[in-house]
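Residue numbers for the first sequence, in our numbering: 38 to 565. Heads up, the beta-carbon is just placed ideally off N, CA and C, and yes, glycines get one too. Right, one structure below, let's go through it.
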Amino acid sequence: MEQKKTIHWADQTAEKIIETWGEKDLYTCASGITPSGTVHVGNFREMISVELVVRALRDLGKNVRFIYSWDDYDVFRKVPLNMPNPEMLEKYLRFPITMVPDPWGRDESYARHHEVDVETILPEVGIYPEFLYQASKYRSGTYAQGIRRALEMREHLKTILDKYRDEDHKIQGEWWPVAVFCSSCNRDTTQIDGWDGEWGLTYHCETCGHSETGDIRTLKGVKLVWRVDWPMRWAYEKVDFEPAGKDHHSQGGSFDTSKHVVEDVYGRKPPVTFRYDFIGIKGSPGKMSSSKGKVVDLYDLLRVYQPEVVRYLFAGTRPNTEFVISFDLDVIKIYEDYDRTERIYWGVEKAKNEDIEALERRIYELSQVDRVPEEMPYQIPFRHLCNLLQIHLGDIDQVIAALPGLKPSQEARVRRRAQCAWYWITECAPEDFRFSLRRPGERAGLSETEASALRALRDEVVANLEAYGGESEVAEAIYAVAQRCGIEPKQLFRASYQALIGKDQGPRLAGFLRAIGKEKVLAILEQY
RNA sequence: GGGCCGCUAGCUCAGCUGGCAGAGCAGCAGACUCUUAAUCUGCGGGUCGAAGGUUCGAAACCUUCGCGGCUCACCA
């Protein structure tokens, strides 16, 4: 195992972390975002990227702290399009998001609402970070020392930030590394008037006119500006690894300036990092979600993809490449890919070569919510599952009960997949893919030739359905019937589909008949 | 203006410590009386964006250029 070269990016990153920081008792991996709106799949990429690296480190026997910062002391800058009650929210612009009311009225604040959504769902994909809440950290004076340090280094900070700005964009006039939410009106529309060289900070508010001199250690509204805040927290939490989106990762971007700030001002090396790219969406995550401003979040993903497959999407893709998450026909292919990876892991299928096999195995491990199960999970192709569910009108229990050889220990995953399949077929799949079985008694409008061929099919083939060895034998029998009745096979197929599901086409008939089951088919075809 | 990423088969991409250019899909041929991207078998297909350089050897490393995208300089 040790001899093998590391091929997965998460393991490579873990090695780089150890190489950079040396052997430590505890490695800290950080992630965080501002819950200023729905936390979408793009944000999720950061969380899962960190989580995968955390796992890789732990797999190397390391002790790891995985922190997740909610930057809920940021300003509420604009009302996102997909929010309810925008008029109410409008009134709270310039407030810290943690002091904006929850427009759904469920949680104690706007920020908290988004946080709760994420914290509730993350365990489903096996992500368990330690959450840190920046609003409460700041308001409790936790960072007072760091703030004071920034004030002391004010001129140097200004130099660092100016380094990447061209002449037209140099910081003009007085600059402070801190911003203040007014104690009176809660807005950040304040100006700093002075600092006494120790803990005293004076400001006034341009909105309400409030003016005050407070102690940094107790003045709840003080916070560092972003480009100082981030590096201060790296030092405070001793962060060894934190990735960032491409918006942060460019020369002069916030990661770049933060790197200098953490070294010069807070005396610590910058964390190991990498850049993750954006995620695109293909297809629609549901009929109801086409409204304007809809952003795709983890809930949407989990309605269509079982948790292992969600992880697989991210574990199987290098973070610095852009990729799309599909809700259209590609979903079937993604599931097939996952199943193939699973078969390779369990040695049921051969990979092209050893390198690919090793990579696939690792991707599979990292895709598991918890650990790899003790036995190979029951595999049922997503497409087939969609058909079975439609035959049984979405009754998952019935479908599961009829699966041959399914062990109780394997049931949970199949059930989860079935839930996804049913959601997908009813909400996302193209119309061509959907069907529902006719009820006994319903009759399709068929010509007499078609009806008589159908009768022959019913009496000769369907009546003996279990006698056939395999699907292809059933198929052959169907063709034999067509020939004997002097009807084009195509026409017989059409008639069969019309009789069964009221459409001209459907799933491959031989397998379809078996999937529906002899009794049911006979019941539907009885009246012809 | 600075920086980052990409440019490989018709399409989507893999190939990233340099060692014979790969996969999926599409295409073509054949098979199955074949429907829900039907299935199986076989085949063809690339100046690796361009030019230089390093090297026994470059798609890969270096330099320059072209094209496309993103990003920063206001705020997080």
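Which same chain residues, not among the five before or five after Leu396, have their C-beta less than 6 angstroms away from its C-beta? Ile44
Q) Would the beta-carbon of Trp107 fall within 7 angstroms of that of Glu156? A) no
Cα-Cα separation between Val499 and Tyr534, rounded to whole angstroms
14 angstroms
**Q.** Distance between Leu474 and Ile428 (C-alpha atoms, nearest Å)
**A.** 6 angstroms
Please confirm if the segment 185 to 205 is in contact with the segment 110 to 127, defined as three or more CB-CB distances below 8 angstroms between the two stretches. no
Using the rule of at least 16 other Cβ atoms within 10 Å of the residue's Cβ for burial, across every protein chain shown, is Glu83 buried or exposed? buried
Leaving out the 5 sequence neighbours to the left and right, which residues in its chain are closer than 6 angstroms to Lys257 when beta-carbon positions are compared? Arg176
Measure the CB-CB distance between Val332 and Thr71 and report whether it falls below 7 angstroms. no
For Leu559, which option in Ala493, Gly323, Arg380, Ala51 has the closest C-alpha, if you only look at C-alpha atoms? Ala493
- Give me the Cβ distance between Ala93 and Ala51, rounded to the nearest whole Å; I'm assuming they're in contact under 8 angstroms. 4 angstroms
Task: Neighbourhood of Met120 by C-beta distance below 7 angstroms, restricted to the same chain and skipping five residues each side - done: Leu126, Pro140
message: Whole angstroms are fine: how far does the CA of Arg143 sit from the CA of Tyr303?
response: 39 angstroms
Q.
Please list the terminal residues of the continuous alpha helix (DSSP H) segment that includes Phe339.
A. Note that residue 339 is Leu in the sequence shown here, rather than Phe. It spans 335 to 341 - the alpha helix (DSSP H) in which Leu339 sits, taken as one unbroken run.
Along the chain, where does the beta strand (DSSP E) that runs through Gly79 open and close? Element bounds for Gly79: not the beta strand (DSSP E) but the alpha helix (DSSP H), 78 to 96.
Margin query: Going by DSSP in three states, Asp266 sits in which element: helix, strand or coil?
Written below: helix
Original post:
So what does Lys444 bridge to, in DSSP terms?
Top reply: Note: Lys444 sits in no beta bridge, so no partner.
Discussion item. Could you tell me the alpha carbon to alpha carbon distance between Leu366 and Asp225, rounded to whole angstroms?
Written reply: 47 angstroms
- So what does Tyr313 bridge to, in DSSP terms? Gly282
**Study point:** Bridge partners - Trp232, DSSP secondary structure assignment
**Key:** Leu238
Worksheet entry | Assumed close pair Val341, Val361 - CB separation to whole angstroms, cut-off 8 angstroms | Actually they are not in contact, since the Cβ atoms of Val341 and Val361 sit about 14 angstroms apart, beyond 8 angstroms.
Self-check item: Alpha carbon of Glu556 to alpha carbon of Cys522, nearest angstrom
Solution: 24 angstroms
Counting only runs of 4+ residues fully inside the segment 143 to 169, write out the alpha helix (DSSP H) ranges in chain order. 147 to 158
Discussion item. Quick check on DSSP: helix, strand or coil for Phe103?
Written reply: strand
*Please determine if the segment 264 to 273 and the segment 226 to 237 are in contact, where contact requires at least 3 C-beta pairs separated by less than 8 angstroms.*
no
| said: Using the three-state DSSP reduction, which class does Ile253 fall into: helix, strand or coil? | reply: coil
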